[in-house]
Each structure stands twice: as C-alpha cells, then as structure tokens.
Amino acid sequence: GDQASIIGGVVEFIKELQQLVQVLESKKRRKTLNRPSFPYDHQTLEPSILAAAATTTNTTTRVPFSRIENVMTTSTFKEVGACCNSPHANVEAKISGSNVVLRVVSRRIEGQLVRIISVLEKLSLQVLHLNISSMEETVLYFFVVKIGLECHLSLEDLTLEVQKSFVPEVIVPTN
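For reference, each letter of the sequence shown is one residue, going 1 to 175 in full-length UniProt numbering.
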C-alpha cells in the first residue's frame, strides 16, 4: 500500500514536470519569434476589437474572430485537434478516446479558471480531471473533459469558446 502511494506520487510529479516543460517550451518559442508573450493588456485593446470578440456567434461559424485576425489566430492540426492562440492565451484541444484534452496557457488572471469551467459547463461538458501548473506569471490549465453523446461541438468551436472567456465583457451603451 505504501509503495503504491509513493509510486503514484512520483508519477503525478513527473506529469507535472512534463507540463511545466511544455509551458517553458511555449515561452521559448514565443521569445524566439521575437514576439512578446502577451503584448496586449485587457485595457489596451481597442474597444472595437473587444466588442467584436465578445459578440455571440453561431456554432456553425468556424472562425467568429475573423474581424480581429491580426490579434488572434486559429488553426486545426492533425484533424484530431484544434488550437486558438491570442495575446491572452494559447488554447489547444485534442481528442483522446472518448474525451477531450484541453490545454490552456496564459498569464495568471484572477477568476479565469472559474470562467473556463463555466464555459465548459455551459457547453454541457464534464470535467473529469484538472491539473494546474504555474511558473511566475504563467499558468497552465490541463483539463480532461468528457464528451457526451449529445455533444455536436467541434474542437475549433470549443477552443474559440474557451478563448472568448479571456476577453472581458464589453458593455455597449444603449441609446
């Protein structure tokens, strides 16, 4: 019994180290591209960009952020995954059996984890596992999410919905 718990702890520690390596490699890639990790602050984005990103989109639309493509890029990889990167976060989703592995790397933002979980719950997805790793101001959220039979959401749509949780609500004044 004792050896099993020690081995389990070591395995978990190794997984956390692997995730930390991924975060560091991601940071290194951004630095080698000579691009700041997060060049925009929530307050420095133009209101028109924020309003465009905060608008509700139809789930059949593949890239609802097309009006702000200079700020955010979306791509599909290996037909079993999707990613959506922005100055706020890098979001990746991959199919793993009957589950989705969701990986989010961003700056530490107070309340962000709650917003991501809220998005997942709104989409009727069930969080099976969550691992959080952080280093300085960078955080990695690693989710294993159960796909329900009734779920008709694409991975691209999922990554975009999670990405939208990083954009602050824009209050548009009414006349």
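Note that the Cβ used here is the ideal one computed from N, Cα and C, for glycine as well. These figures come from a predicted structure and were not determined experimentally.
| Check | Outcome |
| --- | --- |
| I117 lies in the alpha helix (DSSP H); which residues open and close that run? | Q112 to K122 |
| Need the endpoints of the alpha helix (DSSP H) that L155 sits in, please. | L155 to K164 |
| Using the Cα positions of Q19 and G111, report the straight-line distance between them to the nearest angstrom. | 21 Å |
| I'd like to confirm the pairing. Which residues does DSSP put opposite Q19 in its beta bridges? | Paired residues: none, contrary to the question. |
| Output the distance between the C-alpha atoms of R107 and V21, rounded to the nearest integer angstrom. | 16 Å |
| For E161, is the classification buried or exposed, using 16 other Cβ atoms within 10 angstroms of its Cβ as the cut-off for buried? | buried |
| Pull up the CB-CB distance for V144 and H129, whole angstroms please, since I reckon it's below 8 Å. | 4 Å |
| Alpha carbons only, please: which of D2, K94, S98 and I147 is nearest the one belonging to L123? | I147 |
| Ignore the nearest five residues each way along the sequence and tell me which others in S98's own chain have a CB closer than 8 Å to its CB. | K146 and I147 |
| What's the gap between the Cα of M135 and the Cα of L17? | 11 Å |
| Need the endpoints of the beta strand (DSSP E) that H129 sits in, please. | Q126 to M135 |
| At the level of alpha carbons, what is the spacing between L149 and L125? | 10 Å |
| If R103 sits next to L153, beta carbons under 8 Å apart, how far is it from one beta carbon to the other, in whole angstroms? | The pair is not a contact, with the Cβ atoms about 17 Å apart (cut-off 8 Å). |
| Look up I109 in the DSSP assignment and say whether it is helix, strand or coil. | coil |
| What does DSSP give as the partner residues of V144 in its beta bridges? | V101 and H129 |
| Which residues does DSSP pair with V139 in a beta bridge? | S106 and S134 |
| Do S96 and Q163 count as a contact pair if the criterion is CB distance below 8 Å? | no |
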